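Trainee: Numbering-wise, the working numbering puts 222 at position 216 of the sequence shown, and it's gapless, one number per residue.
Here a beta-carbon is modelled for each residue, glycine too, at the ideal position from N, C-alpha and C.
Quick caveat, the model's predicted, so the values are computed rather than measured.
If you scroll down you'll find the structure; I have some questions about it.
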Amino acid sequence: MFRNLRLSTKLYFTIPPLLLLAIGTSVYLNNKYQTRRIQEQALETAKTYGNLIRESLVEMMVKNERVDDDYLERLKNIQEIKGLHVHMTLNNLHLREHLQEESRLERLQRREQLAPKLTAEEMEVFRTGEPVWKPLGINFHAIIPFKAETRCQRCHDVPVGHVLGAAEMDISLKGVAETIDANWTRSLVVFFGFTILAITLSIYLYHTLVAKRLKKLIEATKVLGSGNLGSPVSIDSSADEFGELAISFEQMRKHLKETQEKLIHSERLSAIGKMASSIIHDFRTPMSAINLAIDSLEQGREVSKDKAQHLYEVMRDSIHRMVIMAQELLDFSRGETHLEKSEFSVDEFMTLLIRSVQQNLERSRVTLHVENHHKGTAIFDPDRLHRALVNIINNAQDAMPNGGTLHITTGKEDGCLYFSIADTGIGIPPEIKDKIFDAFVTAGKKKGTGLGLAITKRIIDQHGGTIEVESERGKGTRFRVKVPVR
């Protein structure tokens, strides 16, 4: 189905989707990359916040030997920091003896009880000493361990690197999320805008540079296909492929026109030569017969009555033959003629047809059988149709030089008037049967112009009818003519 679509439709179904896919993929990958970079930057910022808070808390514990709750509350008011808690256990602090007063221990126990419980995964911080960073929605959840330093050993009986506690906080990524959303929105707007612009520009360029010029080439092809080689190909001769194609097309048109003119000239000369040869050859035989008959009568010798009658019949037949050939040449040279159709009695038409050919058929010892199965009327040109059928009958007579039988049948069939003309003659040679309606084809006859059946075919075609031929060598030929009744 896709193969049968027009080129423009194929381009519309392929280029825009591919363009959308390419631009969309580019925008998606670019935004994914930008989102990842923003998140990495946000993580670095969160780590910086966490490390600053850790350092400040460590510094506070070294100097004051305690964590100031008011300081923690102030940190919670920072917009980017949510839910700050300090996690520690008395068993893990290993306070030196001079710091184990009752009030301090109670405060530490209360802080331990009020702090939210850590998950097993988060408790791993105390074992590994590595911070935990987890994205939770638009926040980064961070657990940052407090590792003992050398100065911490003044208050804690622990080795350096021992995890004394951890700070748990949520660092907001709301600003980052808003930036990412804005970036996606901006990218989509640019994507759709650029896509619409690209498709619109592609369609404009296709119609301007391809479709219009291709349409002109198609129109030029149709003009040439109709046989009109006189119209030049009117396409701008630019230096691109279409310009080169137009130039080649115009050169082809000129070459075809020159070839056509040469062929027409050659065919005209050939037709004139054939016609002249046919006229000279075909008129020579009856004229020679007339000349011989006149010589016999002019010799002055006494000629018997039967001999004289025979000589007169020879002259009459020869003159009749020349009249027929002259009429055929005249009809053929006229080409297409205007039909003068009228409603005519089929029975009367058949009577006139039989009367015009019967005498010649009798002289050629041809027996005529006629069957008329349509006594009504039909609309046709009686003179031209008469001429067409006489040509067929003359061919049938010539095909039976030793006499024979000719059957003429007429009737009505499928809204058409038909004429069937069948002889018992020598038949048509198979090698010329398909060319029997071409000009100058004589079907092997020794006399005639070879134009009779060509003229007949032209007349039948003008009537909108058909003519068919069946022939068997040595048994005879049957022509069947059909013309519309109305």
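Is I465 closer than 7 Å to A4 when the C-beta atoms are compared?
Mentor: Because the chain in this structure spans residues 7 to 492, residue 4 falls outside the shown range and cannot be described.
Trainee: Would you call the region 87-98 and the region 107-123 in contact, with 3 or more CB pairs under 8 Å?
Mentor: Taking 8 Å as the limit for Cβ pairs, the verdict is that the region 107-123 does touch the region 87-98.
Trainee: Around the Cβ of L493, are there at least 16 other Cβ atoms within 10 angstroms (buried) or fewer (exposed)?
Mentor: There is no way to answer for residue 493, as the model of the chain reaches only from 7 to 492.
Trainee: Just curious, the alpha helix (DSSP H) that H93 is in, first and last residue?
Mentor: Segment I87 to H93 is the beta strand (DSSP E) holding H93; no alpha helix (DSSP H) there.
Trainee: Pick helix, strand or coil for S237, following the three-state DSSP scheme.
Mentor: DSSP places S237 in coil when its eight states are reduced to three.
Trainee: Return the CA-CA distance between P151 and T185, expressed in angstroms with no decimal places.
Mentor: Approximately 31 Å, taken between the alpha carbons.
Trainee: By DSSP, does P436 sit in helix, in strand, or in coil?
Mentor: Of the three classes helix, strand and coil, the one that applies to P436 here is helix, per DSSP.
Trainee: Straight-line CA distance for F198 to D76?
Mentor: Spanning the two alpha carbons is a distance of roughly 53 Å.
Trainee: Please confirm if R486 has its CB atom under 7 Å from at least one CB of chain D.
Mentor: You won't find chain D in this structure, because it holds only one protein chain.
Trainee: Identify whether R526 lies in helix, strand or coil by the three-state DSSP scheme.
Mentor: The chain is shown from 7 up to 492; residue 526 falls before or after that span and cannot be answered.
Trainee: Can you tell me the Cα-Cα spacing of L374 and I427, whole angstroms?
Mentor: One C-alpha to the other measures close to 10 Å.
Trainee: Quick one: what does DSSP say T416 is sitting in, helix, strand or coil?
Mentor: It is a strand residue.
Trainee: Where do the N-terminal and C-terminal ends of the beta strand (DSSP E) with F177 fall, by residue?
Mentor: Checking the sequence shown, residue 177 turns out to be Ile, not Phe. That run of the beta strand (DSSP E) goes V169 to S178.
Trainee: Check whether the region 50-69 and the region 153-173 touch, using three or more Cβ-Cβ pairs below 8 Å as the test.
Mentor: The answer is yes - the region 153-173 touches the region 50-69, with three or more Cβ pairs under 8 Å.
Trainee: With DSSP collapsed to three states, give me the class of G382.
Mentor: Three-state result, G382: coil.
Trainee: Within 10 Å of its beta-carbon, does Q403 have 16 or more other beta-carbons around it, so buried, or fewer, so exposed?
Mentor: Buried: at least 16 other Cβ atoms inside 10 Å.
Trainee: Who does S232 pair with in a DSSP beta bridge?
Mentor: S232 is not bridged to any residue.
Trainee: Under a Cβ-count criterion, where at least 16 other Cβ atoms within 10 Å of its own Cβ denotes burial, should K221 be classed as buried or exposed?
Mentor: Flag for K221 reads exposed.
Trainee: Helix or strand or just coil, what does DSSP make of D429?
Mentor: Strand.
Trainee: Please report the distance separating the alpha-carbon of R102 from that of D74.
Mentor: Taking the straight line from one Cα to the other gives about 20 Å.
Trainee: Using the C-alpha atoms, what's the distance from S477 back to D353?
Mentor: Using only the alpha carbons, I get a separation of about 28 Å.
Trainee: Do three or more CB pairs link the region 185-194 to the region 126-142 at distances below 8 Å?
Mentor: Short answer: they don't touch.
Trainee: Kindly list the residues whose CB is nearer than 7 Å to the CB of L367, restricted to its own chain and excluding five residues on each side of it in sequence; keep chain order.
Mentor: Once the five neighbours on either side are set aside, the close Cβ partners of L367 are L374, Q403 and L412.
Trainee: Who are L25's beta bridge partners in DSSP?
Mentor: Looking at the DSSP assignment, L25 forms no beta bridge with any residue, so it has no partner.
Trainee: Per DSSP, Y424 is paired with what?
Mentor: Looking at the DSSP assignment, Y424 forms a beta bridge with G417 and K488.
Trainee: For the beta strand (DSSP E) holding A148, just list the boundary residues, first then last.
Mentor: Counting along the chain, the beta strand (DSSP E) containing A148 begins and ends at N145 to K153.
Trainee: Taking R369 and Y424 to be in contact with their CB atoms under 8 Å, please state how far apart those CB atoms are, rounded to whole angstroms.
Mentor: Wrong, their Cβ atoms sit about 28 Å apart, outside the cutoff.
Trainee: What residues match up with K140 in a beta bridge as DSSP calls it?
Mentor: H147.
Trainee: Taking DSSP as the reference, what is the three-state secondary structure of G471?
Mentor: It is coil, neither helix nor strand.
Trainee: Any idea what DSSP makes of F350, helix, strand or coil?
Mentor: Reduced to three states, the DSSP call for F350 is strand.
Trainee: Here's a check: name, in chain order, each residue in its chain whose Cβ is nearer than 7 Å to the Cβ of A204, leaving out the five neighbours to either side.
Mentor: Counting only Cβ-Cβ distances below 7 Å, and skipping sequence neighbours, we find L25.
Trainee: At the level of alpha carbons, what is the spacing between G382 and G417?
Mentor: Their backbone Cα atoms lie some 10 Å apart in a straight line.
Trainee: According to DSSP, E368 sits in a beta bridge with which residue or residues?
Mentor: E368 pairs with nothing; no bridge assigned.
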